[in-house]
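Trainee:
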Amino acid sequence: NCAFTVAQTAGLPTASTFPVGSTTNTYVVTDASGNTATCSFNVIVEDLENPVVSCPANMTVNTNPGVCGATPSFSASATDNCSATVAVSPASGSFFQVGTATVTATATDANGNTATCSFDVTVNDTEDPTITCPSNITVSNDPGVCEAVVNYNVTANDNCGATAPQQLAAQVIAEGADIGIAF
Numbered sequence: 199n200c201a202f203t204v205a206q207t208a209g210l211p212t213a214s215t216f217p218v219g220s221t222t223n224t225y226v227v228t229d230a231s232g233n234t235a236t237c238s239f240n241v242i243v244e245d246l247e248n249p250v251v252s253c254p255a256n257m258t259v260n261t262n263p264g265v266c267g268a269t270p271s272f273s274a275s276a277t278d279n280c281s282a283t284v285a286v287s288p289a290s291g292s293f294f295q296v297g298t299a300t301v302t303a304t305a306t307d308a309n310g311n312t313a314t315c316s317f318d319v320t321v322n323d324t325e326d327p328t329i330t331c332p333s334n335i336t337v338s339n340d341p342g343v344c345e346a347v348v349n350y351n352v353t354a355n356d357n358c359g360a361t362a363p364q365q366l367a368a369q370v371i372a373e374g375a376d377i378g379i380a381f
């Protein structure tokens, strides 16, 4: 029944935009005699909104020259009401072996909300193998027979599963006008 005043000493006034987190609002009431009373309350704004993460479409790449895999580049992005970071695993520029691997992107905001998306990276081996044959070979027949044993090397390599040089032995048999090679 006496005059009094109310003053806010901390926090934000009513109808303000409060940030995510906790804001303490404190009020003091003072009567005409100088008596005071204080009260406080917290306004807690929780961010419950997950980020939105965007992945690229599934992608197909060819192997890097001379290796059995590729190092493709890609990116994922995210939007969020509070801001978010995106972690991609495996990361762009990582080595992917021939075949299909799934990449997962996870967006996390400052308040621990997450969202994920994924896409496939397919690596195709389109590199031809190589083979090396010796030059033409001319030899004389072995003594006392109408044939010759000939040894030579043919080598083959491939970016995926290189094969060791292969030693092939051939016996050249001459019988009349027919010549055959047996392996």
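Quick note on numbering: the sequence shown equals residues 199 to 381 in this note's numbering.
Glycine included, each C-beta is placed from N, C-alpha and C at the ideal position.
(1) By Cβ distance below 7 Å, which residues in the same chain neighbour Ser238 in space, the five residues on each side in sequence not counted?
(2) Between the C-alpha atoms of Val301 and Ala276, what's the straight-line distance to the nearest angstrom?
(3) Taking Cβ to Cβ, would you say Pro249 is nearer than 8 Å to Phe317?
(4) Take the Cβ of Val243 as the centre, count every other Cβ of all protein chains shown within 10 Å, and call the residue buried at 16 or more, exposed below.
(5) Around the Cβ of Asn357, are there at least 16 other Cβ atoms within 10 angstroms (buried) or fewer (exposed)?
(6) Tell me which residue opens and which closes the beta strand (DSSP E) that Glu325 is part of.
(7) Per DSSP, Phe386 is paired with what?
(8) Name the DSSP bridge partner or partners of Asp307?
(9) Taking contact to mean 3 or more Cβ pairs, one atom from each stretch, closer than 8 Å, check whether the region 313 to 327 and the region 336 to 349 are in contact.
(10) Classify Phe381 as helix, strand or coil using the three-state DSSP reduction.
(11) Express the C-alpha separation of Ala230 and Cys200 in angstroms, rounding to a whole number.
(12) Which residue from Thr306, Asn309 and Asn351 puts its Cα closest to that of Asn334?
Mentor: Taking the definition as stated:
(1) As a first step, residue 238 must be located in the sequence shown, where it is residue number 40. The residues are Thr222, Asn223 and Thr224.
(2) Here residue 301 refers to the residue found at position 103 of the sequence shown. Here residue 276 refers to the residue found at position 78 of the sequence shown. The straight-line gap from Cα to Cα measures roughly 16 Å.
(3) Here residue 249 refers to the residue found at position 51 of the sequence shown. Here residue 317 refers to the residue found at position 119 of the sequence shown. No. Outside cutoff.
(4) Walking along the sequence shown from the start, residue 243 turns up at place 45. Val243 should be labelled exposed.
(5) Along the sequence shown, one-based indexing puts residue 357 at 159. When all chains shown are included, Asn357 counts as buried.
(6) Locating residue 325 in the sequence shown gives position 127, counting from the first residue. Segment: none, Glu325 is in no beta strand (DSSP E) and carries neither H nor E.
(7) There is simply no residue 386 to check, as the chain begins at 199 and stops at 381 in what is shown.
(8) To locate residue 307, count along the sequence shown from 1; it is residue 109. Bridge partners of Asp307: Ala282.
(9) no
(10) For the purposes of this step, residue 381 is identified with residue 183 of the sequence shown, where counting begins at 1. Caution applies to Phe381, whose pLDDT of 41 falls short of 50 and renders its modelled position unreliable; the value that the coordinates give is listed next. DSSP places Phe381 in coil when its eight states are reduced to three.
(11) In the sequence shown, counting from the first residue as 1, residue 200 sits at position 2. In the sequence shown, counting from the first residue as 1, residue 230 sits at position 32. In a straight line, the C-alpha of Cys200 is about 7 Å away from that of Ala230.
(12) As a working mapping, residue 334 is identified with position 136 in the sequence shown. Closest option to Asn334, Cα to Cα, is Asn351.
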